[in-house]
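Enquirer: Quick one: the structure is below, questions incoming.
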Amino acid sequence: MAFASAKNAMNDMPMGDMDFGSRTWTADRVRAMAEVLADRGDLLLTTAALEKGGKGEMAGYTEIVIRSGETRRALQYDTAVAPAHRGHGLGLWVKAEMVRRLRAEHPGIEEVETDNAQDNTHMIAVNHRLGFRFHRSTHEYQLDLLTD
15 MAFASAKNAM NDMPMGDMDF GSRTWTADRV RAMAEVLADR GDLLLTTAAL EKGGKGEMAG
75 YTEIVIRSGE TRRALQYDTA VAPAHRGHGL GLWVKAEMVR RLRAEHPGIE EVETDNAQDN
135 THMIAVNHRL GFRFHRSTHE YQLDLLTD
């Protein structure tokens, strides 16, 4: 599945010193994630750029979730560009198209909440160009536990 392959591009996003490991996305896993959101009553919106020439590869995508009952704020989920398609502005394009879509289809949504590691400079630059503003800083800590 083209979408599962594109989601695997999230595995190399800059995360500073954190090590969350990597996830392998399959078509079944993508469907299961969508089902969880649907079961909660959340709305998952996806905008994607497909590879030119009809090969079926998804070059990049972005996902937004509007939680059940939410009328004002959407949550940014993934935005990723497949390694072979990076450096051409696709991340900016898919996010800009998603903002246009939100305005057209969900005019009550006034905010999109997103987060980025400080060293994810490319996505921070994309967000800045789209008008995102800094809201708060959080810190995450990771503890490696020894097992016997």
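When we follow my numbering, the leftmost residue of the sequence shown carries the number 15, and every step to the right adds one.
Note that beta-carbon positions come from the ideal geometry of N, C-alpha and C, so glycine has one too.
The structure displayed is predicted, hence computed values, not measured ones.
1. So, are the CB atoms of A96 and A20 less than 7 Å apart?
2. Hey, could you find the ends of the beta strand (DSSP E) L51 is sitting in?
3. Can you find the residues in the same chain that come closer than 8 Å, C-beta to C-beta, to A18, ignoring five residues on each side of it along the sequence?
4. Taking the C-alpha atoms as reference points, what is the distance between A63 and V108?
5. Using alpha carbons as the reference points, say which of I78, A88, E65 lies closest to A5.
6. Would you check if there are 3 or more beta carbon pairs closer than 8 Å linking the segment 78-92 to the segment 115-130?
7. Between which two residues does the beta strand (DSSP E) harbouring I80 extend?
8. Could you check if G70 is buried or exposed, using at least 16 other CB atoms within 10 Å of its CB as the buried criterion?
Expert: Let me lay it out:
1. The residue labelled residue 96 in the question sits at position 82 within the sequence shown. The residue labelled residue 20 in the question sits at position 6 within the sequence shown. For A96 and A20, yes; Cβs fall inside 7 Å.
2. In the sequence shown, the residue the question calls residue 51 occupies position 37. Premise fails: L51 lies in the alpha helix (DSSP H), 41-54, not in any beta strand (DSSP E).
3. Position 4 of the sequence shown, counted from the first residue, corresponds to residue 18. Only W39, T40, A41, R43, V44 meet the Cβ criterion.
4. Translated into positions along the sequence shown, residue 63 becomes position 49. Translated into positions along the sequence shown, residue 108 becomes position 94. Straight-line Cα distance between these residues: approximately 7 Å.
5. Residue 5 is absent from the model: the chain starts at 15 and stops at 162.
6. These segments touch.
7. Working through the sequence shown from its first residue, we reach residue 80 at position 66. That run of the beta strand (DSSP E) goes 72-80.
8. Against the sequence shown, residue 70 aligns to sequence position 56. Flag for G70 reads exposed.
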